[in-house]
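The numbering of the sequence shown is my numbering, which starts it at 742 and goes up by one.
Cβ atoms here follow ideal geometry from the backbone N, Cα and C, with glycine treated the same way.
Since the structure comes first, as structure tokens, the remarks are kept for the end.
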Amino acid sequence: MATPENKLAFDDGWQYSPAPESTDHIKVKKRYGLFIDGNFLAPEKGRYFDTINPATEEKLSRVALASEADVDKAVKAARKAYGKWSRIKPAERGKYIYRIARIMQERAREFAAIESLDGGKPIRESRDIDVPLAAAHFFYYAGWADKLEYAFPGRKVRPLGVAGQVIPWNFPLLMAAWKLAPALACGNTVVLKPAETTPLTALKLAEVVRDAGLPDGVVNIVTGAGETGAAVVGHPGVDKVAFTGSTEVGRVIMKALAGTGKKYTLELGGKAANIVFADAAIDQAVEGIVNGIFFNQGHVCCAGSRLFVQESVADEVIQKLKDRMETLIVGDPLDKNTDIGAINSARQLETIERYLAIGQEEGGTMYQSSCKVPKEGYWCRPTIFTGVSQSNRVVQEEIFGPVLAIQTFRTFDEALTKANNTPYGLSGGVWTDKGAKIFRMTQSVRAGVIWANTFNKFDPTSPFGGYKESGVGREGGLHGLDAYLRLEA
Ligand code: NAP
Ligand code: MG
């Protein structure tokens, strides 16, 4: 059995991040262990991996690589803790979760800075969106802990047991909150695996869980890459799997789960249509297009990556969009003026660049803003493609970068047919002055979330999830509770 990392090894000093003065207060440890049974432990095989700052390519920290044996230990700790956690008074359980939310708020600045350092997103977004929304998620589900019987009147509600949760790198803290908060509120215990490129805020959250006094083993965080995720999903001691990530890996997981009886939710990819009618408030729509595709460097499952503009206003919208793109600042994620930060990893940048080449080879016209980008780090200028058609790969496939494919339409029905011509069904947007058109479109586009005259708005009370290849199940709101409960008559 591994011993807790000795003081010297674990507390080998704070490493002040290698970024500018403004980040002096950020404490990132040189090395992180696995958070299992209330302690940070060294991994059984002693293996660690680097996490880097994608804006500078500098190493931030070394993080434990969990093997199957470590995952097994985490699942066993979660199983042991389940006996206690599932039986404590629901109102007490709620109090622990409220405490997580409050401590997270107190440490919001540090969370935001680390999120931006580790993942490359602009500090304005981590500070104003990711961290507050993550805390809001804990507050929201804390409130449900002692009201589950009211959420499902006439039904007996039981937790599922141990939840194995695997999350991606685009919203590392927020996705951890989406996973942990409802699972805990319903009385489950958890083994969570963050993405390899962005483990730091989940580990910070482990410290919050510990400081909030949760019983040992209720939350376990095992860092590593895809193999660690597969070990979590495949562990026979896991009763429920919650996965957010690519459709490709989602398929692998679904196969692995077939016949096991484990309950699962899969939140997968997307290729959302953002539809602008001629009667829309055009300037507002242009802002919505920008937010839809350039928010978080376009690393957003629900990004408005396919734009459909009504023909009569297409020239105007595209010109205004290009003008607006020129004003976007790409660069240092820690600078409060930055609009678009660093691409999350070298691998993701390669993927995006491959699609930029494909789009041009397919005959699309590529336009990029003329902004300067830093020499070190991974960057992509805001990009649009015009002159593309439904069959083009940049129109059909998820790029997961700041790249927008633009097409035009004449009639409502044409827009609808084009919008639905996709294997995905996660989200969508519609811009128009007419309420009737909003209702018709939102009822006809096959997607889990559709925004009207806005885009990328999130709230813990609102369910989120997809149709078709975008996944199975919902997170958020009442639906998010259902995913972590066994409902009996
Ligand atoms: P990914 O490659 O599918 O990885 C997601 C997570 O799964 C990571 O933690 C990954 O580990 C792990 N993983 C990889 N292979 C695995 C396996 N065989 N078994 C179990 N776990 C495995 O996706 P990503 O590139 O990180 O994230 C981007 C994708 O997530 C996009 O497609 C996006 O649309 C989707 N997404 C969906 C939602 C939603 O709510 N629908 C939200 C956000 C993102 P490592 O990466 O550490 O190797
Ligand atoms: Mg990183």
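Can you determine whether any heavy atom of the ligand MG sits closer than 8 Å to the C-beta of residue i, and answer yes or no?
i      : result
Pro795 : yes
Gly860 : yes
Thr939 : yes
Thr792 : yes
Leu801 : yes
Is it the case that the CB of residue i approaches a heavy atom of the ligand NAP more closely than 8 Å?
i       : result
Lys1198 : no
Thr985  : yes
Glu966  : Per the sequence presented here, residue 966 reads as Ala, with Glu not at that position. Checking every heavy atom of the ligand NAP against the Cβ of Ala966, one is found closer than 8 Å.
Pro909  : yes
His1220 : no
Lys934  : yes
His1040 : yes
Glu1216 : yes
Ile1093 : no
Ser1211 : yes
Leu1009 : yes
Ala1013 : no
Cys1121 : no
Ala971  : yes
May I ask you to report which of helix, strand or coil DSSP gives residue i?
i       : result
Glu1103 : coil
Asp752  : Reliability fails at Asp752, whose pLDDT of 32 lies under 50, so the model's placement of it is uncertain and no value is given.
Asn1194 : coil
Val982  : strand
Gly1020 : According to the sequence displayed, residue 1020 carries Asp and not Gly. Looking at Asp1020 - three-state DSSP - the assignment turns out to be coil, as it is neither helix nor strand.
Ile777  : strand
Asn929  : coil
Leu1075 : coil
Ser1086 : coil
Glu785  : coil
Val1213 : strand
Ala936  : coil
Thr1005 : Residue identity differs from the one stated: residue 1005 is Tyr in this sequence, not Thr. It is a strand residue.
Ala1014 : strand
Asp811  : helix
Glu1067 : helix
Ile1047 : Correcting the residue identity first, residue 1047 is Arg in this sequence and not Ile. Residue state, collapsed to three classes: strand.
Phe1199 : coil
Here's the rule I'm using: 16 or more other beta-carbon atoms within 10 Å means buried, otherwise exposed. How should residue i be labelled?
i       : result
Glu1210 : buried
Val812  : buried
Gln1101 : exposed
Gly1002 : exposed
Leu1219 : exposed
Ser758  : Interpretation of Ser758 is limited by its pLDDT of 39, a score under 50 that renders its predicted location unreliable; no figure is taken from the coordinates.
Gly1217 : buried
Phe1180 : exposed
Taking 9 Å as the threshold (C-beta atoms), are residue j and residue i in contact?
i       : j       : result
Ile908  : Ala943  : yes
Gly1122 : Val1114 : As written in the sequence, residue 1122 is Arg, which differs from the Gly given in the question. Result yes, Cβ atoms of Arg1122 and Val1114 sit closer than 9 Å.
Val903  : Val816  : yes
Pro913  : Ala936  : yes
Ser827  : Gly928  : yes
Val960  : Phe781  : no
Asn911  : Gly1118 : no
Thr1124 : Gly1104 : no
Gly991  : Gly1166 : no
Gly1045 : Ala1019 : no
Arg772  : Arg803  : yes
Thr969  : Lys945  : no
What are the complete alpha helix (DSSP H) segments, minimum 4 residues, inside the segment 1109-1190? Counting only runs of 4 or more, we get 1134-1137, 1153-1161 and 1176-1185.
What runs of the alpha helix (DSSP H), each 4 residues or longer, lie entirely inside the segment 855-924? 872-885 and 889-892, all fully within the segment 855-924.
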